[in-house]
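Taking it in order: structure first as structure tokens, then the write-up.
Residue numbers (our numbering), protein chains in the order written: chain A, 145 to 405; chain B, 145 to 405.
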């Protein structure tokens, strides 16, 4: 089942179920009671919205080996592969929807993508075993953890390196039926494949992260966990279009543009 | 003006204006249109709620000199006083209201308080000069940035050291008329003053932080910025009651309890 958050022309944002290119409009949300309103739209006629505004926006950070090795090589450091599943955070201000532009700040110099699986929490979860951990998951979407590498190295926090406005595309929708073992993440820049990896090839899997987190943290409906990325990105520039595709979910496509002065 | 978020017996949470010990109930929120409903409650008859769930939960972290010196001494490190206003983050899952217990995890060993001024954003703010920065501020409340110091040192992120459930008391209400220059922050443990400092004695003030942040980040109604703390805390234990008072705002009071096994 695919939950899409969209705006039909002249209407407020609403949720619908996407079947092929048809949206069956719903009253309510994926996180609570809902029912068909009877309205039907064509996907091409609506604007796709951010699937939801997370209550808490979690991010695994370093969770695939090749990405960790590439980052260490770029910084001239010894790779430091995490021994434990330790979650981090991203910020809501930075979210944009599928199709919306990522704005490169005028003083940014090294912009890269990170294509990520995003886990959408649908039910309250606290002190879950690994065996039970996925019981709180509603579905999956796609994130692009856009990063400015110079600021990532120079700043004390990730506030502008990873959380500048528009640096967190998420979407295009939430897929509830997803086979992680069969999934590949493919990133294309201007139509050319630049990164591809097995989505499930994580250091610490989804169940492990949720189990570890929920020892101290209650997960709530509308929380999201971005699971990290593998490989490396070319340096991006204004005019590029980045597509992050995860097989079985869909494709998140965003143009990169220069900040207007 | 004092905005309080509260639950009257048997009723859903609502906003009101607090005058002395009387609450004049409002329809709407402090962040949008509102009008008096006509109902009046006594403060002692309601449950105080978290003033609002932040959209993005910002935290200045290191922003007062004595706190930075004390932390470095505790860790046996050279003090590293920030040269720039770089914002960090805390997590919504950890929020509790005035009066609610802070639960000390069974495996926590060194729990401390941090009494902080919290700046409540009421209007959209983007690329604000320092002179204009406070135009986006609705008011002020109080936060206690409860921290587990062993985890803060051992972990890659602050996920459990600062963001375990209940580690972020915020309240008791939002004060819109506040004189920062005249304000003192006083922390008491079991009624005895343990920390006191000039609230305005920050390395980087509120206007500076907002101006720097808003270069890259749009602030939104319902965002909050915790401004950091000064001094140091004794080690806390189950049974302690911590009060963070900021003159001109009020007093945030929370009991600390042991996690039930």
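Even glycine gets a Cβ: it sits at the ideal position worked out from N, Cα and C.
The model shown is predicted, which means the values in this text are computed figures rather than measured ones.
9 Å Cβ cutoff met for residue i and residue j
i: residue 209(A); j: residue 316(A); result: no
i: residue 371(A); j: residue 283(A); result: no
i: residue 330(B); j: residue 393(B); result: no
i: residue 200(B); j: residue 236(A); result: yes
i: residue 386(B); j: residue 332(B); result: yes
i: residue 168(A); j: residue 184(A); result: yes
i: residue 172(A); j: residue 163(A); result: no
i: residue 147(A); j: residue 361(A); result: no
i: residue 246(A); j: residue 365(A); result: no
i: residue 186(A); j: residue 218(A); result: no
i: residue 266(A); j: residue 322(A); result: no
i: residue 259(B); j: residue 388(B); result: yes
i: residue 306(A); j: residue 238(A); result: yes
i: residue 357(A); j: residue 202(A); result: yes
i: residue 194(B); j: residue 264(B); result: no
i: residue 250(A); j: residue 308(A); result: no
i: residue 233(A); j: residue 301(B); result: yes
i: residue 380(B); j: residue 248(B); result: yes
Candidates the options: closest to residue i by CA position
i: residue 254(B); options: 170(B), 300(B), 377(B), 389(B); result: 377(B)
i: residue 231(B); options: 249(A), 299(A), 187(A); result: 299(A)
i: residue 324(B); options: 203(B), 306(B), 262(B); result: 262(B)
i: residue 270(B); options: 205(B), 355(B), 399(B), 326(B); result: 355(B)
i: residue 256(A); options: 326(A), 294(A), 180(A); result: 294(A)
i: residue 327(A); options: 158(A), 198(A), 155(A), 343(A); result: 343(A)
i: residue 196(A); options: 155(A), 205(A), 149(A), 219(A); result: 149(A)
i: residue 314(B); options: 214(B), 397(B), 341(B), 181(B); result: 397(B)
i: residue 409(B); options: 320(B), 286(B), 308(B); result: Because residue 409(B) is not part of the residues shown, which for chain B are 145 to 405, the question remains open.
i: residue 374(A); options: 204(A), 248(A), 156(A); result: 204(A)
i: residue 334(A); options: 384(A), 221(A), 285(A); result: 384(A)
i: residue 363(B); options: 152(B), 154(B), 198(B), 243(B); result: 198(B)
i: residue 244(A); options: 156(A), 338(A), 311(A); result: 311(A)
i: residue 211(A); options: 268(A), 233(A), 289(A), 251(A); result: 289(A)
i: residue 272(B); options: 286(B), 291(B), 352(B), 155(B); result: 352(B)
i: residue 216(B); options: 403(B), 301(B), 340(B), 296(B); result: 296(B)
i: residue 161(A); options: 182(A), 234(A), 153(A); result: 182(A)
i: residue 406(B); options: 156(B), 395(B), 188(B); result: Only positions 145 to 405 of chain B appear in this structure, which leaves residue 406(B) out of reach.
i: residue 359(A); options: 405(B), 359(B), 275(B); result: 405(B)
i: residue 153(A); options: 188(A), 177(A), 170(A); result: 188(A)
Residue i CB to nearest heavy atom of the ligand FMN below 8 Å
i: residue 274(B); result: As presented, the structure is devoid of all ligands, the ligand FMN included, so that no description of it is given.
### Query
For the stretch 302 to 316 of chain B, which residues have a CB atom closer than 8 Å to at least one CB atom of chain A, in sequence order?
303, 304, 307, 308, 309
### Task
Taking only beta carbons into account, state which residues of the stretch 165 to 191 of chain A come closer than 7 Å to chain B, listed in chain order.
none
### Message
Which residues of the stretch 230 to 243 of chain B have a Cβ closer than 7 Å to any Cβ of chain A? Give them in chain order.
### Response
230, 231, 232, 233, 235, 236, 237
### Message
Give me the subset of the stretch 206 to 233 of chain A whose CB atoms are less than 7 Å from a CB atom of chain B, sorted by chain position.
### Response
226, 230, 231, 232, 233
#### Entry: Given 8 Å, three or more beta-carbon pairs between the stretch 213 to 232 of chain A and the stretch 345 to 354 of chain A
yes
### Message
Quick check on the DSSP output: what are the complete beta strand (DSSP E) runs of length 3 or more inside the stretch 307 to 390 of chain B, in order along the chain?
### Response
312 to 319, 328 to 333, 336 to 342, 368 to 370, 385 to 390
### Message
Against chain A, which members of the stretch 246 to 257 of chain B pass a CB distance test of less than 7 Å?
### Response
249
### Query
Residue ranges of each beta strand (DSSP E) run of no fewer than 3 residues wholly in the stretch 241 to 280 of chain B, ordered along the chain?
246 to 248, 259 to 265
### Task
Name, going along the chain, the residues of the stretch 271 to 300 of chain B whose beta-carbon falls closer than 8 Å to a beta-carbon of chain A.
299, 300
### Message
Under 8 Å, CB to CB, which of the residues in the stretch 333 to 358 of chain A have a partner in chain B?
### Response
357
### Message
Please give the ranges of any alpha helix (DSSP H) in the stretch 169 to 253 of chain A, keeping only runs that are unbroken, at least 4 residues long and fully inside the region.
### Response
209 to 219
### Message
Please list, in chain order, the residues of the stretch 360 to 372 of chain B that have any C-beta partner in chain A closer than 8 Å.
### Response
360, 361, 362, 363, 364, 367
### Task
Compile a chain-ordered list of the residues in the stretch 193 to 205 of chain A whose CB is closer than 7 Å to at least one CB of chain B.
199, 200
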